Amino acid sequence: MSNTVITANKLTKRFGDFVAVDQISFDVHKGEIFGFLGANGAGKTTAMRMLCGLLFPSSGEATVAGFDVFKENEKIKKSIGYMSQKFSLYEDLTVKENMEFYGGIYHMTDKYIKEKTAYILNHLHLEKEGNVLVKSLPPGWKQKLAFSVAIFHEPGIVFLDEPTGGVDPVTRREFWNMIYEASERGTTIFVTTHYMDEAEYCSRVSIMVDGRIDALDTPGNLKKYHNASSMDEVFLQLARKARRSE
Amino acid sequence: MRTLKFLLRKEFRQIFRDPAILRLILIMPVIQLLILPWAADYEIKKIKLAVVDHDHSEYSRKLINKITSAGYFILTDYSSSYEQSLEKIEYDKADLVLQIPSHFEKELVKENEAKLFMAINAINGVKANLGGAYLRTIIQDYNREVRMEWIQLPKFSPEVQIEVASSNWFNPLMNYKYFMVPGILVILLTMVGTNLTAINIVKEKEIGTIEQINVTPIKKYHFILGKLIPFWIMGLFVLTIGLTIARLAYGIIPAGSFLTIYVFAAVYLLAVLGLGLLISTYSVNQQQSMLLSFFLMMIFILLGGLYTSIDSMPEWAKWITRFNPVSYFIEVMRMVVLKGSSLADIKFHLFKVFGFAVVFISWAIFSYHKRS
């Protein structure tokens, strides 16, 4: 149990008659990179939003960092980081100001915020851009910055919703290096994506089709089981069954 | 408290970096207060008058002369056919037609009685009403003058006449600017307060930053206070600009104290900002929030007592004005600026507006959910 940081048991979300997430069950272990795959409209984001305490589940059970998603959603928020699909740093604040703001909200001390900001800027080779407004940065940098801000307060778990959407392959590679680094420090990563090459980087992968989890295993086992040479093939085999699209 | 500090710092940085907001709070009050009071005039002047004179007598000329010299009317047409002048009304060349029948002078002299006919273009109700009333007064005046010429007045007039002498209290010269400027300032404060708050939060919804905030352990009231305080300060700043312009441009110095105005405005702004918050929680994007606040502003302004007197509204409309915070502030502004009312005089207004603030803000906090 101590090794499990996220549990979901028949977690469901209905919007009227539409079942966006249909009784999904899974466990995520501490420190792993858990890939959440699925076509557009499969229900990935909805599931993630329920776990982050942004959306009220319709039924089922789930805990994040040991807290119940129904009742203890505000406690969950202290232990997680979240990077949404939409870029959501303040564009009219500078890089440093964004870090200061989010650090401050998570009750970090001024001194620590300063140290951490300096460390991250150095690490991302953005020392010169510290006082530049975020809106004037290129998209790839923004994405890396958003990830750094999402884990600025050093959460145990971080949720990434399609973090590499619309980013060039080089930056995607760099981004995944950052994810690995965070994972090595013991952060659990919960990431949605529809790039199948990224799925190969994950410790375990779940594939959602029409609101249900159709497969959940390590990339290696999934390929073996479906008799496929790549995750792409596995995904196509499963996704072909999908009845709904966007 | 520390969270609030970070929220406020962020909010002020954004405000000072947004040229649109700075323009809105600096230039809008200046322009509106410098231009609107000159245009929003209650007095009706330049009423276009067409006269159909069938008589062409000395008396008819005297009458026309008297009317045109009063200063309210412009003689745009002088003809001898009623159809022709009616046409003038159709082409908007005349607001009023005065028809003087033939034998006007003869009948006046012989029969001691004469009839005139007035046709009024009632498309502009205010103009028609006042124009007709002015003309009637002038004709009555003329009537008296004619009589005076004819009759040797006995010591006591046979007719009982009541003359009314009036003096205008609180605004002796009936300067309507004293009346309009404080009212316009209230509208300004209301629009700035509501719109800035509503748009600010909805903008965070649109660009997605609010989701990032919602996923933090931030307290709801911290977030809302972080939004309210900056715009509350902005509102008081706009009020200060407005009062300065009122003084410099129109020489309006409140008869009451500035403290009374600021205390009331401070509470009023809470109500207005609360309304802005409320609009933002019910809107998904900036268009929606703009439409919603425009809708409310129209009602607030038209039923606020700025342009039309609340006392003369029908009962149901009066009832609505009781739920209009604008009407309270306009009344208070006029009371303090013109009458010199003190805090004690406006305490009921203050309580009511405080009630609005409590309701709007708690409603906004209640309906703002970090989780949907």
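Protein chains in written order, with the working numbering: chain A, 33 to 278; chain B, 21 to 392. Just so it is clear, CB atoms sit at the ideal spot from N, CA and C, and this is done for glycine as well. Just so you know, these numbers come straight off a predicted model, no measurement behind them.
Exposure label - residue i; buried when at least 16 CB within 10 Å
i, result
"methionine 82 of chain A", "buried"
"isoleucine 238 of chain B", "buried"
"leucine 326 of chain B", "buried"
"arginine 204 of chain A", "buried"
"tyrosine 144 of chain A", "exposed"
"asparagine 344 of chain B", "buried"
"glutamate 129 of chain A", "buried"
"lysine 367 of chain B", "exposed"
"tyrosine 134 of chain A", "buried"
"threonine 141 of chain A", "exposed"
"glutamate 278 of chain A", "Residue placement at glutamate 278 of chain A cannot be trusted, given a pLDDT of 48 that sits under 50; the coordinates are not used to answer."
"glutamine 160 of chain B", "exposed"
"leucine 254 of chain A", "buried"
"threonine 23 of chain B", "buried"
"glutamine 307 of chain B", "exposed"
"methionine 21 of chain B", "exposed"
"isoleucine 65 of chain A", "buried"
"leucine 268 of chain B", "exposed"
"proline 251 of chain A", "buried"
Residue closest to residue i, alpha-carbon to alpha-carbon, out of the options
i, options, result
"threonine 225 of chain A", "A:Lys176, A:Glu93, A:Thr77, A:Val37", "A:Thr77"
"tryptophan 252 of chain B", "B:Thr23, B:Ile35, B:Phe26", "B:Ile35"
"histidine 185 of chain A", "A:Lys110, A:Phe102, A:Glu161", "A:Lys110"
"aspartate 246 of chain A", "A:Thr36, A:Gly70, A:Thr44", "A:Gly70"
"aspartate 229 of chain A", "A:Phe222, A:Phe267, A:Asp249", "A:Phe267"
"valine 72 of chain B", "B:Ser300, B:Thr229, B:Ser80", "B:Ser80"
"glycine 198 of chain A", "A:Pro170, A:Val190, A:Tyr212", "A:Pro170"
"threonine 157 of chain B", "B:Met21, B:Thr23, B:Phe93", "B:Phe93"
"glutamine 269 of chain A", "A:Asp249, A:Ile239, A:Thr250", "A:Ile239"
"methionine 200 of chain B", "B:Met168, B:Met353, B:Leu46", "B:Met353"
"glutamate 103 of chain B", "B:Ala70, B:Asn85, B:Glu131", "B:Ala70"
"leucine 248 of chain B", "B:Asn141, B:Thr328, B:Thr214, B:Thr236", "B:Thr214"
"proline 195 of chain A", "A:Arg217, A:Glu106, A:Ile221, A:Pro187", "A:Ile221"
"leucine 316 of chain B", "B:Phe26, B:Thr210, B:Gln119, B:Ala142", "B:Thr210"
"alanine 285 of chain B", "B:Met318, B:Pro202, B:Ser392", "B:Pro202"
"lysine 223 of chain B", "B:Ile84, B:Tyr196, B:Ile299, B:Leu279", "B:Ile299"
"lysine 174 of chain A", "A:Asp200, A:Ala150, A:Glu213", "A:Asp200"
"alanine 271 of chain A", "A:Lys256, A:Gly243, A:Ser261, A:Tyr257", "A:Gly243"
"tyrosine 282 of chain B", "B:Val206, B:Met318, B:Leu28", "B:Val206"
"isoleucine 109 of chain B", "B:Thr280, B:Asn144, B:Glu127, B:Met355", "B:Asn144"
Residue interval of the alpha helix (DSSP H) (run including residue i)
i, result
"arginine 391 of chain B", "Per DSSP, arginine 391 of chain B belongs to no alpha helix (DSSP H) and is neither H nor E."
"tyrosine 154 of chain B", "145 to 170"
"leucine 27 of chain B", "22 to 37"
"phenylalanine 124 of chain B", "124 to 130"
"serine 313 of chain B", "306 to 322"
"valine 287 of chain B", "278 to 301"
"glycine 213 of chain B", "196 to 227"
"isoleucine 109 of chain B", "102 to 110"
"alanine 70 of chain B", "Alanine 70 of chain B -> not in any alpha helix (DSSP H); beta strand (DSSP E) instead, spanning 67 to 73."
"tryptophan 339 of chain B", "335 to 341"
Span of the beta strand (DSSP E), counted from its first residue to its last, around residue i
i, result
"histidine 61 of chain A", "50 to 61"
"aspartate 246 of chain A", "244 to 249"
"glutamine 119 of chain B", "116 to 120"
"methionine 82 of chain A", "Per DSSP, methionine 82 of chain A belongs to no beta strand (DSSP E); it is in the alpha helix (DSSP H), 76 to 83."
"tyrosine 114 of chain A", "112 to 115"
"methionine 8 of chain B", "Past the boundaries of the shown model lies residue 8 of chain B; chain B is included only from 21 to 392, so the question cannot be answered."
Supposed close pair residue i, residue j - CB separation, criterion 8 Å
i, j, result
"glutamate 231 of chain B", "serine 120 of chain A", "6 Å"
"valine 357 of chain B", "glycine 276 of chain B", "7 Å"
"isoleucine 189 of chain A", "valine 37 of chain A", "6 Å"
"isoleucine 350 of chain B", "leucine 323 of chain B", "At roughly 11 Å, the Cβ-Cβ gap does not stay under 8 Å, so isoleucine 350 of chain B and leucine 323 of chain B are not in contact."
"glycine 262 of chain B", "leucine 53 of chain B", "6 Å"
"phenylalanine 179 of chain A", "tyrosine 114 of chain A", "The Cβ separation is near 11 Å, so there is no contact."
"isoleucine 219 of chain B", "serine 309 of chain B", "6 Å"
"alanine 231 of chain A", "methionine 263 of chain A", "4 Å"
"valine 258 of chain B", "isoleucine 45 of chain B", "5 Å"
"threonine 301 of chain B", "tyrosine 388 of chain B", "5 Å"
"glycine 92 of chain A", "threonine 149 of chain A", "Not quite, the Cβ-Cβ distance comes to about 40 Å (not below 8 Å), so this is no contact."
"glycine 63 of chain A", "glycine 218 of chain A", "5 Å"
"leucine 177 of chain A", "valine 127 of chain A", "6 Å"
"glycine 246 of chain B", "leucine 28 of chain B", "6 Å"
Sheet register partners of residue i (DSSP bridge)
i, result
"arginine 46 of chain A", "A:Val51"
"arginine 236 of chain A", "A:Phe66"
"aspartate 193 of chain A", "A:Thr224"
"tyrosine 98 of chain B", "B:Val71"
"isoleucine 38 of chain A", "A:Val60, A:Val96"
"leucine 165 of chain A", "A:Thr126"
Any non-hydrogen atom of the ligand ADP closer than 7 Å to residue i Cβ
i, result
"lysine 273 of chain A", "In the structure on display, the ligand ADP does not appear, and there are no ligands present to speak of."
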